[in-house]
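Q: For reference, each letter of the sequence shown is one residue, going 0 to 236 in numbering that gives the first Met the number 0.
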Amino acid sequence: MDPLHLAVLDDEPDITRLLASYLAGHGFRVTQLHAGRDLMALMAADPPALVLLDLGLPGEDGLTIARQLRERWRCGLVIVTGRGDAVDKVVGLEVGADDYVTKPFDLRELVARIKAVLRRTEPAAPPPASAPTRWRFAGWTLDEAARELRAPDGQPATLTSGEFDLLCVLVRHAGRVLSRDFLLEHTRGRAAGPFDRTIDVQVGRLRRKIERDADHPELIKSVRSAGYVLVPTVEPA
0 MDPLHLAVLD DEPDITRLLA SYLAGHGFRV TQLHAGRDLM ALMAADPPAL
50 VLLDLGLPGE DGLTIARQLR ERWRCGLVIV TGRGDAVDKV VGLEVGADDY
100 VTKPFDLREL VARIKAVLRR TEPAAPPPAS APTRWRFAGW TLDEAARELR
150 APDGQPATLT SGEFDLLCVL VRHAGRVLSR DFLLEHTRGR AAGPFDRTID
200 VQVGRLRRKI ERDADHPELI KSVRSAGYVL VPTVEPA
């Protein structure tokens, strides 16, 4: 099996060389990049399974690059940056990042986070024949095996891997109030920290894509001090 291809975009060559060497030692093929235009060219010619993206690129907006990735390609996206402010983290997740790592970082932890994102973004293994893989709710159709969501008019909806995983958990537990800890554990494989807003951010993004009015949601309801619940009836499609 060919090694998974990762791209590292950072304006500091010392950092890209360090990451490329360490990740190669863990079985990955790594392309080092130093400008957004080089990443876009790579995505068209040899798209990686995951991109490590620095936000602090001279003369370039890293968040704009992240948005372009999400609009045009489906791949894992981990922001690796010196911006550790909570607002920056929320904005990074808002534009579609699967994870957000601040510098300085522990290389072992970074590899663990990369592998966790890759597990979530790889095609799902076919479930047992007896288990439903397609669901219908409020006119929407969710196909877990194909990792596809279709609107009531039949048009496909564009979801990030994190948004899709979150919706799958909500659908499988429709009508049940799910805590943020439960949702985080079942979508990102880790427990929530005391100030972890990842789930709130993803729910907000998901609502904007499937609700008629994201400010007055009818499908995904908030339950104060408890979590979130998918309200409509869910049936096998």
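Just so it is clear, CB atoms sit at the ideal spot from N, CA and C, and this is done for glycine as well. The structure presented is a predicted model; accordingly, all values stated were derived computationally and were not measured.
(1) Is the stretch 107-115 in contact with the stretch 168-183, if contact means three or more CB pairs nearer than 8 Å?
(2) Checking 8 Å against the spacing of the C-beta atoms, do alanine 34 and glutamate 59 come in under that value?
(3) Return helix, strand or coil for proline 12, following the three-state DSSP convention.
(4) Using three-state DSSP, classify alanine 34 as helix, strand or coil.
(5) Do the stretch 88-101 and the stretch 59-75 touch if we need at least three Cβ pairs shorter than 8 Å?
(6) To the nearest angstrom, how far is it from the Cα of alanine 150 to the Cα of alanine 156?
(7) Tell me whether the beta-carbon of leucine 205 lies closer than 8 Å to the beta-carbon of alanine 137.
(8) Can you list, in chain order, the residues of its chain whose CB lies under 6 Å from that of proline 12, leaving out five sequence neighbours each side?
(9) Thinking C-beta only, is glycine 75 closer than 8 Å to serine 160?
(10) First and last residue of the beta strand (DSSP E) that includes threonine 80?
(11) For the putative contact between leucine 54 and leucine 62, defined by C-beta atoms under 8 Å, what is the C-beta separation to the nearest angstrom?
(12) Between the C-alpha atoms of leucine 169 and lysine 114, what's the straight-line distance to the nearest angstrom?
(13) Since histidine 4 sits in a beta bridge, which residues does DSSP pair it with?
A: Based on what the coordinates show:
(1) No: fewer than three Cβ pairs fall under 8 Å.
(2) The sequence position of residue 34 within the sequence shown is 35, counting from 1. The sequence position of residue 59 within the sequence shown is 60, counting from 1. Yes, the pair counts as a contact, with Cβ atoms nearer than the cut-off.
(3) Here residue 12 corresponds to residue number 13 of the sequence shown, with the count starting at 1. Three-state DSSP puts proline 12 in a helix.
(4) Taking the sequence shown and counting its residues from 1, the one referred to as residue 34 is at position 35. Correct three-state label for alanine 34: coil.
(5) yes
(6) Counting from 1 along the sequence shown, the entry for residue 150 is found at position 151. Counting from 1 along the sequence shown, the entry for residue 156 is found at position 157. Approximately 6 Å, taken between the alpha carbons.
(7) As a first step, residue 205 must be located in the sequence shown, where it is residue number 206. As a first step, residue 137 must be located in the sequence shown, where it is residue number 138. Their beta carbons are not under 8 Å apart, which means leucine 205 does not touch alanine 137 by this criterion.
(8) As a working note, residue 12 is residue 13 in the sequence shown. Same-chain partners within the cutoff: there are none.
(9) Locating residue 160 in the sequence shown gives position 161, counting from the first residue. Locating residue 75 in the sequence shown gives position 76, counting from the first residue. Contact flag set, yes.
(10) Here residue 80 is taken as the residue at index 81 of the sequence shown, counted from 1. First-last of the beta strand (DSSP E) with threonine 80: 75-80.
(11) Counting from 1 along the sequence shown, the entry for residue 54 is found at position 55. Counting from 1 along the sequence shown, the entry for residue 62 is found at position 63. Contact holds; Cβ gap of about 6 Å.
(12) In the sequence shown, counting from the first residue as 1, residue 169 sits at position 170. In the sequence shown, counting from the first residue as 1, residue 114 sits at position 115. Those two C-alpha atoms are separated by around 24 Å.
(13) Along the sequence shown, read from residue 1 onward, the residue named residue 4 stands at position 5. Note: histidine 4 sits in a beta bridge opposite Arg28.
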